[in-house]
DNA sequence: GAAAATTCGGAAACCGGTTGCCTCGGAGGC
DNA sequence: GCCTCCGAGGCAACCGGTTTCCGAATTTTC
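What follows is the structure in structure tokens.
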């Protein structure tokens, strides 16, 4: 199939089929009224030449690019991947392509990319990032629809698709209560981090609904295993008894789990542990595997893409769209139903 | 800056500046001979209207799209990210944009994306993926240059940028020998996995150069922590003494490390452990942090993008381009220089 | 058999820039 | 005072499709 030469144009096809350019266009797009025989002849010619319509030319007359831009405000990372996969998935079905732009936490880069995307006349833009904290809109009065995914905009009119992190935290607490835990500790990320604050507040609130309090004041630190391990040291040294730890992330939860086991506490028999993110590498690598809250990032990405498509087609859905989280139960909170034989 | 209306065209700019369209184009691109005053007037008008040249129109006359496609043959994942960042980085500087295509291990999807990219007349294509095993070319006689990154093509004429995994494995072995280890075991991924085979063979070969052999036959399994843990059980049960384990990935290495510690072997005092990939989450989360081989994926991505740009500019560099790996030494192979105070 | 209806396909405008060519007018030279 | 030269900027073709409008050819109808 060597077609190393210049790609065939519709003129080539028309010439080969012995029709005019306009007729060739109609034949290939099912427009106009043509004899079936003519249509087939043109299609055969196109096939033979390996004709692929020049997207730029098509864009010029239709005004549509069938392209959307995806800007990650911070670096492309672990959270962006499932989002991108979801977006790709939903848009690919609609035969749209995705421009990837990595903002790297730099507002100047971000604006540069925004201009590039506008210059390329994308049909829409998806903005995403690692921090769930509402961010200033990427622009105002833009000529194309914008949907925020995972992140949200400070303008409540902007369309965004976000995870119900508070709801996820409540589900985690409910689960711990359901398996009989009453003295629950909380270890999470930095105190200035939006997700840490939201999840922590929701957990406290949910406990309060059952007339309970955290077994110790929440411990804010970093999103790392090392912090999880250190935090366990602090809990053991200063806090009273506790029979569960709700953690702000899977990394923290894994650190907590490892440190508990090292300190001679059994998980989940003595202390149950719940993580957040349901990051396979962490939850499955941990011993035992971690119960965790899944934000369904891929679904978020798909949802954002669907809303963007709708907006492109003139049916915008302004405002925040909150998606529920899902609790995935594993052995860090429940003893396996079928206990492994003692050997 | 509300510009919610239809984006300004060069006709709008020309009208506002009181010149013809052609003149406006020349003024904005520094072509032709115009009075300085005219040039400024046009630029001011463009500024005022927020004019951004329509990329599709520009493409149509120039033939260049300033766009490249990036196809991941398998799902976008951990390995693709640093590659993408590197590619983005190198191309962004040249004001080029990247189309992201997720092949999902499906040849049909892959061909679909290839056609899409060709239809969009990208200036070039970068092919990447998770498996380093040489793969069939994505197409032959394509009208645009293609560079394979991390993966390589079975056609030796195709341009590819790959990591010297064998060299990386040799560096790992050299390091273990340098810190005085002589009885080295090897635990790695599936036997049919290209990287596992290459790394393993190189390790054995490098040991042979010092007149040594592996302390036990290499253990092939999965790329998981759980396998690393199980493998340690096998080593302890069947193998003789060993004072180091070279692992095919960081996940395996972490499993190995955890299991060794659980079995009462100190790392690195009794057994040194080396991983592969230098995946921060694993190497830093592990206790102790893991020495690991870094393939410099971001550099690979940058290199691939640079080669692609060169090829687009008519200076192709066919054939494989092998990039060295780097060994990052951490506490899993060396006792810290400054021992932490006993407390 | 002529008029009307229908089918089929071509010509050309258009999308929004870029660029080669040409014209117009002013300045300078003789 | 006339011719030449050159600078400034307009005109129009072109890139590769899409679409509208219109004419020609064929068929239908009375």
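Chains as they are written, first to last, in my numbering: chain R, 12 to 354; chain Z, 12 to 354. Even glycine gets a Cβ: it sits at the ideal position worked out from N, Cα and C.
Exercise for review: Would you kindly report the start and end of the unbroken beta strand (DSSP E) that includes residue 195/Z?
Suggested key: 195–199 is the span of the beta strand (DSSP E), which, as asked, contains residue 195/Z.
Practice item. Tell me, please, whether the CB atom of residue 70/Z is closer than 8 Å to any CB atom in chain R? Key: Yes, its Cβ sits closer than 8 Å to a Cβ of chain R.
**Study point:** Neighbour flag for residue 104/R against chain Z, beta carbons, 8 Å
**Key:** False, the Cβ-Cβ gap to chain Z never drops below 8 Å.
Review point. Going along the chain, which residues of its own chain have a beta-carbon closer than 7 Å to the beta-carbon of residue 111/Z, five neighbours each way excluded?
Key: If we look at residue 111/Z and ignore the five residues flanking it on each side, its Cβ neighbours are 81.
Check your understanding: Who does residue 136/R pair with in a DSSP beta bridge?
Key -> Residue 136/R is bridged to 80/R and 157/R.
Check your understanding: Would a check of beta-carbon distances place residue 279/R closer than 8 Å to chain Z?
Key -> So, not an interface residue.
Check your understanding: Closest by CA to residue 143/R, which one among 316/R, 246/R, 319/R and 288/R?
Key -> Of the listed residues, the one whose Cα sits closest to residue 143/R is 288/R.
Practice item. Could you name the residues of the segment 107–130 of chain Z whose beta carbon sits closer than 7 Å to any beta carbon of chain R, in the order they occur along the chain? Key: From the segment 107–130 of chain Z, only 108, 109, 110, 111, 113, 126, 127, 129 and 130 have a Cβ closer than 7 Å to chain R.
Practice item. Could you check which residue in 256/Z, 224/Z, 51/Z and 304/Z has the C-alpha nearest to that of residue 282/Z? Key: Taking only the C-alpha atoms, the option nearest residue 282/Z is 256/Z.
Review point. Which residues of chain R have a Cβ atom closer than 9 Å to the Cβ of residue 65/Z, listed in chain order?
Key: Listed along chain R are 70, 71, 130, 131 and 132, each with a C-beta nearer than 9 Å to that of residue 65/Z.
Check your understanding: Does the beta carbon of residue 137/R sit closer than 8 Å to a beta carbon anywhere in chain Z?
Key -> Taking Cβ atoms only, chain Z never reaches closer than 8 Å to residue 137/R, which makes this a no.
Review point. For residue 323/Z, which residues from the same chain have a beta carbon less than 7 Å from its beta carbon, with the 5 sequence-adjacent residues on both sides left out?
Key: In its chain, beyond the 5 residues on either side, 134, 135 and 156 have a beta carbon closer than 7 Å to the beta carbon of residue 323/Z.
Review point. Does the distance from the C-beta atom of residue 174/R to that of residue 195/R stay below 8 Å?
Key: Contact annotation: residue 174/R and residue 195/R have beta-carbon atoms that are not nearer than 8 Å.
Practice item. Find out if the Cβ-Cβ distance for the pair residue 198/Z, residue 239/Z is shorter than 8 Å. Key: A contact, by the Cβ cut-off of 8 Å.
Practice item. Determine contact between the segment 297–304 of chain Z and the segment 339–347 of chain Z, defined as no fewer than three beta-carbon pairs at a distance below 8 Å. Key: Judged by pairs of C-beta atoms under 8 Å, the segment 297–304 of chain Z touches the segment 339–347 of chain Z, as three or more such pairs exist.
Practice item. Could you work out which residues of chain R lie near residue 59/Z, taking near to mean beta carbons separated by less than 9 Å? Key: Proximity of chain R to residue 59/Z at the Cβ level (cut-off 9 Å) is not reached, the minimal Cβ distance being about 15 Å.
Review point. Below 8 Å between beta carbons: does that hold for residue 271/Z and residue 137/Z?
Key: Cβ distance not < 8 Å, so residue 271/Z and residue 137/Z don't count as in contact.
Exercise for review: Indicate whether the contact test is met: 3 or more Cβ pairs, each with one atom in the segment 84–102 of chain Z and one in the segment 47–54 of chain Z, closer than 8 Å.
Suggested key: No: fewer than three Cβ pairs fall under 8 Å.
Check your understanding: How big is the Cα-Cα spacing for residue 215/Z and residue 159/Z?
Key -> For residue 215/Z and residue 159/Z, the distance between alpha carbons rounds to 28 Å.
Check your understanding: At which residue ranges does the segment 241–299 of chain R contain complete alpha helix (DSSP H) runs of 4 or more residues, listed in the order of the chain?
Key -> Counting only runs of 4 or more, we get 261–273 and 291–296.
Review point. Should the segment 57–73 of chain R be called in touch with the segment 15–24 of chain R, which here means at least 3 C-beta pairs below 8 Å?
Key: The segment 57–73 of chain R, when compared against the segment 15–24 of chain R, does touch it at the 8 Å Cβ threshold.
Review point. Can you tell me where the alpha helix (DSSP H) with residue 118/Z in it begins and where it stops?
Key: Looking at the DSSP string, the run of the alpha helix (DSSP H) that includes residue 118/Z is 118–130.
Check your understanding: Looking only at C-alpha atoms, which of 307/R, 325/R and 168/R sits nearest to residue 93/R?
Key -> The option with the nearest alpha carbon to residue 93/R is 307/R.
Check your understanding: With DSSP run on the structure shown, which of helix, strand or coil describes residue 226/Z?
Key -> Reduced to three states, the DSSP call for residue 226/Z is coil.
Check your understanding: At a CB-CB cut-off below 8 Å, which residues of chain Z make contact with residue 262/R?
Key -> The answer, in chain order, is 292 and 296.
Check your understanding: Are the segment 33–42 of chain Z and the segment 330–341 of chain R in contact at 8 Å, needing three or more beta carbon pairs?
Key -> Verdict: no, contact absent.
Point to revise | Contact check, residue 169/Z vs residue 154/Z, beta carbons under 8 Å | key: Annotated as distal: residue 169/Z and residue 154/Z, with beta-carbon spacing of 8 Å or more.
Check your understanding: List, in order along the chain, the chain R residues whose C-beta lies closer than 8 Å to that of residue 18/Z?
Key -> In chain order: 129, 132 and 154.
Practice item. Please state whether DSSP places residue 30/Z in a helix, a strand or coil. Key: If DSSP states are grouped into helix, strand and coil, residue 30/Z belongs with coil.
**Study point:** Three-state secondary structure assigned by DSSP to residue 49/R
**Key:** In the structure shown, residue 49/R sits in a helix (DSSP, three-state: H, G or I).
Point to revise | Short CB-CB distance (under 8 Å) between residue 168/Z and chain R | key: Answer no: the Cβ-Cβ gap between residue 168/Z and chain R never drops below 8 Å.
Check your understanding: residue 12/Z CB to nearest chain R CB: under 8 Å?
Key -> Unreliable positioning characterises residue 12/Z in this predicted model, as indicated by a pLDDT of 42, which lies under 50. The coordinate reading is nonetheless provided below. By this cut-off, residue 12/Z is an interface position.
Point to revise | residue 329/R (DSSP reduced to helix, strand or coil) | key: Reduced to three states, the DSSP call for residue 329/R is coil.
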